[in-house]
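Input: a single structure, listed below in structure tokens.
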Amino acid sequence: IEYELPELKEILEETLGVIVYQEQVMQIANRLAGYSLGEADLLRRAMGKKKPEEMAQQRERFIEGAVQRSYPPKKIEKIFDLMAQFAGYGFNKSHSAAYALLAYHTAYLKTHYPVEFMAALLTSVTGNTDDVVKYINECREMGIAVEPPDIHVSDANFTPHGSAIRFGLAAVKNVGHNAIESIVAARKEIGRFKSIYEFCEKVELRLLNRRVLESLIKSGAMDSLGRRAQLMAVLDKAMDHAQKTQRDAECGQHGLFGVFQQEDAHSQEDRLPETPDWDEHTRLASEKEILGFFITGHPLDKYREKLEDLRALSTTELAAMRASTGKDESLSTAGIITNLRVLKSKKGDFYAQAALEDLSGSIEMLVFPEAYRKLQEKLKMEVPVLVRGGVRIEEGANPKLTVNDISSLEEVKVPLPRSLRIRIPLEKASESVVDELHLLFSQRKGDARVLFDVERERDFMVVMEAEGYNVLPDRMFVSRVEELCGRGAVRVIE
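Residue numbers (our numbering): 6 to 499.
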């Protein structure tokens, strides 16, 4: 561990050279710049508030005091800047024991009860779509499936369901707790619902109006009763029948023909119309409308390989950047444009703000007037897009994507490399493997030249060019070469 000044070792040694505690800021100010403890506390507060004018005054006071004590100005400026950065995460030392205990508890639960832990975590952020998306993606990375809401098994909260997590009904738009209680009570009484007709008949329709039922259908919570298009087609009919049945029950009207009428009504349960189901776009759009995100798929799913080939960054990677990109630097990312707002600047120019959502989360987009003039139509696209631009980071705000260009992801072509190297261990360079490579090269002709790195472990490597063979280095080519020469054998040069 290197310290800017020897005096910092005593103060920061217990935290491995990192400013973590508020008390450390006060000690540094006292030791290096001659602050009294009262003045040091004012510095701590100023850093917490991040008011520019206060910070400027404190910076001047800190540097002046330290220079008077013969410390080098450049190092003192750097130390003050480190202290200012600390303000974003620092805390009182006495809190560290409580934080550590919480960290141990949560680490233990996440390790030994991952499904239960992640279900509780998702429940805790039910009202925050960005956090729900983030933790659902984490579940997938952990190998935990998050299953769509289901009227037969979902409770209000996210719940463990074997090795998976079942989506909570409380996270479905328009579905309140009273409606959920009615659904749970009805299924406890009769078990599984046989049809949408029986479902409407058994729940309290005064709590589950048409808007609630539409939300349940669109979210996929009623998929076990039929296809979504079919259920929407008979929804009014099912509600009318259920309302009449419930009114008759309240009035005690179960006359001579009541049994036959009920049997006739139940015979309708299998009579869902042969309506074409929603296409993928409509299905996913309805999930996004009701849940705030996609649950049974994502418009980007079919482009995963293409995004890897394009080296597109995820919105999470962009949001984690700590410094703005250069003016002329262009990064690539992809997603769905949502929450588009067109605004007018003080100069009277139109510009746009929007969100770009991908498989990992979302990031705010800014389209300045010059870019907006050429991209305004492309901003309205409802298809996955590739966005090129830079990242803008301002103090106290989340990173924003400044847009230079937008293209339909479907239409974007992946540029193929002009040259590549194939690493092959000498022991694998058998006659049969060489013959297979010759055959592959003749079948996958293209423009990329090929170099071979033939290597023997801990000994030597020979570089040879495959003369007379230029290849098409697409995924099929790379996959076959790796089957013959080993994983990671192909490396793109340019």
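Beta carbons: idealized from backbone N, C-alpha and C, even for Gly.
Open item on the list: At 4 residues or longer, what runs of the alpha helix (DSSP H) sit wholly inside the region 352–387?
Closed with: Whole alpha helix (DSSP H) segments, 4+ residues: 374–380.
TODO: Name the two residues that bound the continuous beta strand (DSSP E) containing residue 498.
DONE: Looking at the DSSP string, residue 498 is not in any beta strand (DSSP E), and its letter there is neither H nor E.
Open item on the list: Only counting the same chain, and skipping five residues up and downstream in sequence, which positions put a Cβ closer than 8 Å to that of residue 121?
Closed with: Excluding residues within five positions, the ones whose Cβ falls inside 8 Å are 114 and 165.
Open item on the list: Taking a contact to mean a Cβ-Cβ separation below 8 Å, would you say residue 476 touches residue 497 in this structure?
Closed with: With contacts defined as CB atoms closer than 8 Å, residue 476 and residue 497 fail to qualify as a contacting pair.
TODO: Return the bridge partner residues of residue 429 from the DSSP annotation.
DONE: 459
- [ ] Per DSSP, which residues does residue 438 bridge with? Please list them.
- [x] Partner(s): none; residue 438 has no beta bridge.
TODO: Can you grab the Cα-Cα spacing for the pair residue 146 / residue 61, in whole Å?
DONE: 44 Å
TODO: Count the other CB atoms, across all protein chains shown, that sit within 10 Å of the CB of residue 350; report buried if there are 16 or more and exposed otherwise.
DONE: exposed
Open item on the list: In chain order, what are the residue ranges of uninterrupted beta strand (DSSP E) at least 3 long that sit wholly in the region 100–180?
Closed with: 164–166 and 169–171
TODO: Please work out which residues of its chain come closer than 7 Å, Cβ to Cβ, to residue 80, disregarding the five sequence neighbours upstream and downstream, and give them in chain order.
DONE: Answer for residue 80: 9 and 10, listed in chain order.
Task: Per-residue DSSP class, three states only, for residue 317 - done: coil
Open item on the list: Please report the straight-line C-alpha distance between residue 24 and residue 94, rounded to a whole angstrom.
Closed with: 9 Å
Task: Cα-Cα separation, residue 308 to residue 317 - done: 11 Å
Task: Cβ contact (3+ pairs, closer than 8 Å) linking the region 483–495 and the region 425–433 - done: yes
Task: Buried/exposed call for residue 409, threshold 16 Cβ in 10 Å - done: The Cβ neighbour count for residue 409, taken over all protein chains shown within 10 Å, is at least 16; the residue is labelled buried.
Task: alpha helix (DSSP H) runs contained entirely in the region 183–243, provided each spans 4 or more residues - done: 201–207 and 215–224
TODO: Quick one: grab the DSSP three-state call for residue 398.
DONE: coil
Open item on the list: So that I know if they touch, is there some Cβ in chain C lying closer than 8 Å to that of residue 39?
Closed with: Any reference to chain C falls outside this structure, which holds one protein chain only.
Task: Closest residue to residue 337 among 311, 37, 13 and 133 (Cα-Cα distance) - done: 311
Open item on the list: Please classify residue 481 as buried or exposed, where buried requires at least 16 other C-beta atoms within 10 Å of its C-beta.
Closed with: Exposed is the call here.
- [ ] Assuming residue 411 contacts residue 380 (C-beta within less than 8 Å), just tell me the rounded distance between them.
- [x] With a Cβ gap of about 5 Å, residue 411 and residue 380 count as contacting.
Task: Backbone CA spacing between residue 261 and residue 247 [nearest angstrom] - done: Reliability of the predicted coordinates at residue 261 is poor, the pLDDT of 48 falling under 50, and the value obtained from them is presented with this limitation in mind. Cα to Cα, residue 261 sits roughly 19 Å from residue 247.
Task: DSSP-derived helix/strand/coil call for residue 449 - done: DSSP, read as helix, strand or coil, puts residue 449 in coil.
Open item on the list: On the criterion of 16 or more Cβ atoms from any shown chain inside 10 Å, does residue 144 qualify as buried, or is it exposed?
Closed with: buried
- [ ] Tell whether a beta-carbon distance below 8 Å holds between residue 374 and residue 324.
- [x] no
- [ ] Determine the burial state of residue 202: buried for a count of at least 16 other Cβ atoms within 10 Å of its Cβ, exposed for fewer.
- [x] buried
TODO: Consult DSSP for residue 2 and reduce its assignment to one of helix, strand or coil.
DONE: Outside the shown range of the chain, which is 6 to 499, sits residue 2, and nothing can be said about it.
Open item on the list: Please report the distance separating the alpha-carbon of residue 236 from that of residue 229.
Closed with: 10 Å
Task: Nearest candidate by alpha-carbon position, reference residue 474, set 483, 453, 133 and 484 - done: For the residues 483, 453, 133 and 484, the minimum Cα distance to residue 474 belongs to 453.
TODO: Apply the 10 Å Cβ neighbour rule to residue 195 and answer buried if 16 or more other Cβ atoms are within range, or exposed otherwise.
DONE: exposed
- [ ] Use the C-beta contact count for residue 40: other C-beta atoms within 10 angstroms, 16 or more gives buried, fewer gives exposed.
- [x] buried
- [ ] Round the Cβ separation of residue 21 and residue 6 to the nearest angstrom and send it over; I've been treating them as touching at under 8 Å.
- [x] 6 Å
Open item on the list: Residues in the same chain with beta-carbon distance under 7 Å from residue 28, minus the five sequence neighbours each way, listed in chain order, please.
Closed with: 98
Open item on the list: So, with DSSP's three-state summary, where would you put residue 492?
Closed with: When DSSP states are grouped into helix, strand and coil, residue 492 belongs to the coil group.
TODO: Could you give the DSSP three-state label for residue 2: helix, strand or coil?
DONE: There is no way to answer for residue 2, as the model of the chain reaches only from 6 to 499.
Open item on the list: Tell me which residues share the same chain as residue 176 and place their Cβ nearer than 6 Å to its Cβ, disregarding the 5 neighbours each side in the sequence.
Closed with: Excluding residues up to 5 positions away in sequence, 131 lie with their Cβ nearer than 6 Å to the Cβ of residue 176 in the same chain.
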